[in-house]
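Residue numbers (the numbering used here), protein chains in the order written: chain A, 1 to 368; chain B, 1001 to 1368; chain C, 2001 to 2368; chain D, 3001 to 3368.
Cβ atoms here follow ideal geometry from the backbone N, Cα and C, with glycine treated the same way.
Nothing here was measured: the structure is a model prediction, and the numbers come from that model.
Protein chains: 4
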Amino acid sequence: MIAGIIGATGYAGAELVRLLSGHPKIEKLVLSSVSFEGEKFEDIYPNFLGRVSASLLKAEDVIAASDVVFSALPHAVGEPFAAACMERKIHFIDLSADFRFDDDEAVYSAWYGKTYQYPELHKKSVYGLVELNRRKIKELAAKGSVIIGNPGCYPTGASLGAFPALAKGLFGGGTIIVDSASGTSGGGREPSRSFHYSECADSVAPYKVASHRHSPEIARNMAAMAAGFPSPQVIFTPHLAPMSRGILSTIYIPLSQKWRVTPGGANMPPSKEIEAKTEEIRALYADFYKDEPFVRVLPAGLAAATNRVRQSNYCDISVNVDLNGSTLIAVTAIDNMVKGAAGQAVQNMNILFGFDEKTGLEAIPALF
Amino acid sequence: MIAGIIGATGYAGAELVRLLSGHPKIEKLVLSSVSFEGEKFEDIYPNFLGRVSASLLKAEDVIAASDVVFSALPHAVGEPFAAACMERKIHFIDLSADFRFDDDEAVYSAWYGKTYQYPELHKKSVYGLVELNRRKIKELAAKGSVIIGNPGCYPTGASLGAFPALAKGLFGGGTIIVDSASGTSGGGREPSRSFHYSECADSVAPYKVASHRHSPEIARNMAAMAAGFPSPQVIFTPHLAPMSRGILSTIYIPLSQKWRVTPGGANMPPSKEIEAKTEEIRALYADFYKDEPFVRVLPAGLAAATNRVRQSNYCDISVNVDLNGSTLIAVTAIDNMVKGAAGQAVQNMNILFGFDEKTGLEAIPALF
Amino acid sequence: MIAGIIGATGYAGAELVRLLSGHPKIEKLVLSSVSFEGEKFEDIYPNFLGRVSASLLKAEDVIAASDVVFSALPHAVGEPFAAACMERKIHFIDLSADFRFDDDEAVYSAWYGKTYQYPELHKKSVYGLVELNRRKIKELAAKGSVIIGNPGCYPTGASLGAFPALAKGLFGGGTIIVDSASGTSGGGREPSRSFHYSECADSVAPYKVASHRHSPEIARNMAAMAAGFPSPQVIFTPHLAPMSRGILSTIYIPLSQKWRVTPGGANMPPSKEIEAKTEEIRALYADFYKDEPFVRVLPAGLAAATNRVRQSNYCDISVNVDLNGSTLIAVTAIDNMVKGAAGQAVQNMNILFGFDEKTGLEAIPALF
Amino acid sequence: MIAGIIGATGYAGAELVRLLSGHPKIEKLVLSSVSFEGEKFEDIYPNFLGRVSASLLKAEDVIAASDVVFSALPHAVGEPFAAACMERKIHFIDLSADFRFDDDEAVYSAWYGKTYQYPELHKKSVYGLVELNRRKIKELAAKGSVIIGNPGCYPTGASLGAFPALAKGLFGGGTIIVDSASGTSGGGREPSRSFHYSECADSVAPYKVASHRHSPEIARNMAAMAAGFPSPQVIFTPHLAPMSRGILSTIYIPLSQKWRVTPGGANMPPSKEIEAKTEEIRALYADFYKDEPFVRVLPAGLAAATNRVRQSNYCDISVNVDLNGSTLIAVTAIDNMVKGAAGQAVQNMNILFGFDEKTGLEAIPALF
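Here it is in structure tokens:
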């Protein structure tokens, strides 16, 4: 099978090249790049030297030559390519935000400043958060070619950390706070002051506080999973941490009366009840994800850490109940470039084609 | 004037040596160390080569030779030295937790597993968070020798970020969440797996979730400042980030009805009202701290970052109102070894002796 | 086929587990650990959670159950296990230094402070630097079970950078200087001050100057390749750099008269002749390694960098002729844990069993 | 006294602002910037918030208002300002390369691609490597206003490591190799791929091999110090290491017959003779620098490390004799922004005005 990647020379594109080069079902890759058309991929990324020598083509030529197309283009430019793929009746997996909001054009436009060029496409596309929409993705694939809106990196880790609490009624209503730290690769390949080594090394800082475009995507996902239970207001704060890869999300979920528990006392250490409730919730999370190949609910005493999922498609989750017995603290760790982008896109491809979901995604995390 | 430092070879002690070596009022330093008694300080820390050649003495000898004593010992071992200083009628500034809880022995014992050896000392000591207790510190100093319980690193950044909201009634009751990331120097000088380069570099992870000993100190400080207004329940989550220095704290403060503001709409970008309210709150914070020499409320558009306070005694603060108009997001950045430990201790010394509070603490942050 | 790993919980052992878990010819791994006997591997390294749950056995039991045994034990303790494997007629691949010096016990003893327990084993073992001894390894394997002395990390990068110059007579005699920088994983899993984040981050320093145990191994390898040409004196200086993985070696090789070239003039920029000679040497290096699956001689203008080989078995090499036209500067980059340890061991296993040498080692370097 | 800084918003300029802000003889700073004229310095570098609020002027206005002028402009644009300062009879301290080659225009032009606009200025300027030219600087200052060509960062560390060996005849002729690793701040403030966090973190690589513009400066300095003894050919290789600050230089100096010593034997550990000779050379280095306020020759057993000089004006030096007894290995560590740039410039200013050389440069290195 031949896979095409449009916008292959950005970081997400290059990560797709790396993962798909090791995918047993992919015999060939065809790549495009506007910035580097005509050059060889290995000359742009010499770490691929001797491994991916393909010349970079035009997007149109990639689409014409492929059995499936991944788009790693910036936001708001990919719709025509999606349309072309639908015409050719091949699946289109879009890593941009263009197909993440289904047909809710109002929210998309408010945050991305564009209207839909092909509104009808958005009625047929599906948001590719596998743990939320696996069945829907399979149903659409059974009917023909599909457009996947591959989730944003932050929404992936944030949503997976809250889903069990939302689906099982642990969340008692009100505000869920998502406090996340991301590595620099999320900022992409273009040099800028924010990612200039001398000014981001050895430092942590928030950015786009109360104004990041992933906020509505996170809130929408949580509402979708909370069906039948209250939907949360969501507060999301992204931070930049001095690491190349990984997103850690610490998620604060107010517990419903039924799930609250007696604290150790004002300003006192955690009570036995809190420890017991924590274990009960941990078991519930483990059960909720028991059939998910890439979600690992960590044993008691172990906290999620980005280096334990590095370069893998895993999302690790640890849970705690706060000292006051009123809030669930769920922590998730993902590799922003794999589960947060390219790996999840490959997982979607595996579902669309009926491959084992783990195919080509079996890398064990490299601790260092 | 001669300053003594007990436990000078730990990181906090070494930072005190570095800062006090440049303090114009200190003519001489006398240092003690249990682990390295008899050795020269510069042989333990060769970065001090040719600058601090003093031999390490016994704690008793340091006390006998000093006009003021700083203790950078572990928790629960310093009380006898505090007593000895009171006997000698010299000030004792303790960087451990032993004198942070005034005479609330119950909370201290519950978290630190020790009872007070000299209960009466705790009736006369003062918690040294200058921005909270400056007047009290001065009043005590006017009466004689003082024991200062120098604040913990996390509580310093967390408290300063919430104080104006608590004192001015912005906080509407309920839970304040403090999500913090610390550099590795907070873990001290002893090697361990948690701080082994290969396993903490390029990674972010939480630790002691819902069980960190700084939680009660933060809650106590916030309650003290909220006098007349509701006291918050506090949730505190510390994280380890791959940097040597700095603590960034992102603080979520539910706003009272009076301070809430109309959002842009469900999942919509921030409204003009939110931007206006953010500016109003920023001005309120700036006014609250206008006479504080080491608190900088950042201009609109600038977020607190640990590298902009590196190796300085500053606490930078930025404020935002969340998308839903219901919560204040205050972010503080401090250098955990300076404002979070040694620098704040020197600031306390300056107050005790009536020096200009900035004396010896004028270093401009080194961005890199 | 079943592979056994003795000393599986050190970093080299864990890297073997990671690589062999993805090796298509290995059906099962059996692991031993003295420190963690009876525990599950995934509990020691939670990044393997759900992937490697095997309990850690005794070394004897690993040997009894395996078709090939890798030893990642410290130096000077593995010989009895090698003897046991020879008795069982299975290959033994030793990552320690015990079998790196063939039967030159004098040099081994002088540097490692031990004598050989089983001298006869050292007459039958082979030094596993594939690019030097591939034929010898195959010949031995044809005769029966083999003991491989897997090369040290520094000697691998240093030797590969000098081999073409030594074999083709470019080296003119005298001293070859190898100046290397290593990541922290080379220091292993045990925490110590040298690898304490706060004291090795953001800093570069040499260690064991003029006294590192890899010096004689490097000199021996260069002499072996120089057969017929003068053997170099070798000066080797290792440095610790703030990175988790990788070794960069900058190698200074005095050129023979025949290869020297006219400089641009005293203190002047490089002449055209130097650029031409550089290209000629680059071509010679490329030809020398044209059949090596894991050595990449970089195109003109590209310098070796550790992040372009990260987590791969590649050794990248770039070459230049210095301004004075008298010295070849060859730079090599390897991943110290892969080509410098576990990957090279797997490459040796592939040769011993007649598998394609690349089997299980096809990972494309992750630039970030 | 009023100090002016032209080009204040680059990294070297900003470091000058940081150091001069704490200099007791400087009452006021006047700053210029082409890129940010009219803006406030603290708005460009918010770490200076509340400390340096001066607006950025035109270079001409800075010169008109200053008693001494520092230029942190790029190469080949500063001569007119030097001429203007000479006219005003005030000292001009240039951090660019324009005045580093005295009147050797040929070498300067070959490497920097420009000819001198004001040749006569170069007859009166002096190269500001204090440890080489202190007397000459003082003599010129006694006669009137002086132009200082402040040394390059690499040449500073490289020269100081070789000077005693060159001056005392330890060097036996031939080639001296300087292998250096620099932090990213040496690359300046402008973002670029080379300094993009995701592509330079966790990696070491050389750059400008056999073609760096600091090579002729290093060779010239060494020849100047070797007066009466043979001058070396110099090979210089710079590397980029993942740290913000610091330059470590490992310098290989072939010993003269008189200084060579018996090795332990081919490939054998160092002999007692080597250890004794190392100590003899260490003592010679210590004596050579005994009156230098900023050069620290480290005690036996301690190797130079960049984190032990961080943010200080020190140059630390450690020495060893290689295993073969034929080569001196000197290692130097400096902070590239302080001793390698701004600190050395302030040291020059102190000499020009007859201040104690240490004035404003007494910061103790911050280990972390």
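The beta strand (DSSP E) enclosing residue i, as first and last residue numbers
| i | result |
| --- | --- |
| residue 296/A | 295–297 |
| residue 66/A | Per DSSP, residue 66/A belongs to no beta strand (DSSP E) and is neither H nor E. |
Residue i at chain B interface by Cβ criterion, 7 Å
| i | result |
| --- | --- |
| residue 2153/C | no |
| residue 3311/D | yes |
| residue 242/A | yes |
| residue 3317/D | no |
| residue 3333/D | no |
| residue 177/A | yes |
| residue 3021/D | yes |
Below-7 Å beta-carbon distance, residue i vs any chain A residue
| i | result |
| --- | --- |
| residue 1110/B | yes |
| residue 2149/C | no |
| residue 1320/B | yes |
| residue 1191/B | no |
| residue 3008/D | no |
| residue 2018/C | yes |
Check whether residue i and residue j have beta carbons under 7 Å apart
| i | j | result |
| --- | --- | --- |
| residue 3345/D | residue 3095/D | yes |
| residue 1219/B | residue 1234/B | yes |
| residue 3013/D | residue 3030/D | no |
| residue 365/A | residue 1242/B | no |
| residue 1982/C | residue 2042/C | Residue 1982/C is absent from the model: chain C starts at 2001 and stops at 2368. |
Neighbour flag for residue i against chain D, beta carbons, 7 Å
| i | result |
| --- | --- |
| residue 2306/C | yes |
| residue 376/A | Residue 376/A lies beyond the range of chain A shown here (1 to 368); nothing can be said about it. |
| residue 1366/B | yes |
Pick from the options that is closest to residue i, judged by C-alpha positions
| i | options | result |
| --- | --- | --- |
| residue 2258/C | 2098/C, 2101/C and 2327/C | 2327/C |
| residue 3322/D | 3265/D, 3304/D and 3350/D | 3265/D |
| residue 3367/D | 1003/B, 1018/B and 1008/B | 1018/B |
| residue 3130/D | 3315/D, 3078/D, 3040/D and 3063/D | 3315/D |
| residue 2203/C | 3308/D, 3057/D, 3022/D and 3341/D | 3308/D |
| residue 189/A | 63/A, 45/A, 273/A and 338/A | 45/A |
| residue 3157/D | 3039/D, 3251/D and 3009/D | 3251/D |
| residue 2373/C | 2236/C, 2078/C and 2154/C | The displayed coordinates of chain C run from 2001 to 2368. Any statement about residue 2373/C would go beyond what the structure contains. |
| residue 1278/B | 1291/B, 1301/B, 1293/B and 1288/B | 1301/B |
| residue 2168/C | 2040/C, 2133/C and 2288/C | 2288/C |
| residue 1135/B | 1358/B, 1360/B, 1354/B and 1361/B | 1354/B |
| residue 1016/B | 1313/B, 1318/B, 1324/B and 1325/B | 1313/B |
| residue 335/A | 2/A, 273/A and 304/A | 304/A |
Proximity test, Cβ basis, 7 Å: residue i and chain C
| i | result |
| --- | --- |
| residue 1197/B | yes |
| residue 1185/B | yes |
| residue 3002/D | no |
| residue 3116/D | no |
| residue 1201/B | yes |
Beta-carbon separation (whole angstroms), residue i vs residue j, contact threshold 8 Å
| i | j | result |
| --- | --- | --- |
| residue 3310/D | residue 3297/D | Residue 3310/D to residue 3297/D, Cβ: 19 Å. No contact. |
| residue 2216/C | residue 3267/D | 4 Å |
| residue 2137/C | residue 2099/C | Not a contact, Cβ separation roughly 12 Å. |
Extent of the continuous alpha helix (DSSP H) run through residue i
| i | result |
| --- | --- |
| residue 345/A | 343–352 |
| residue 2159/C | 2153–2167 |
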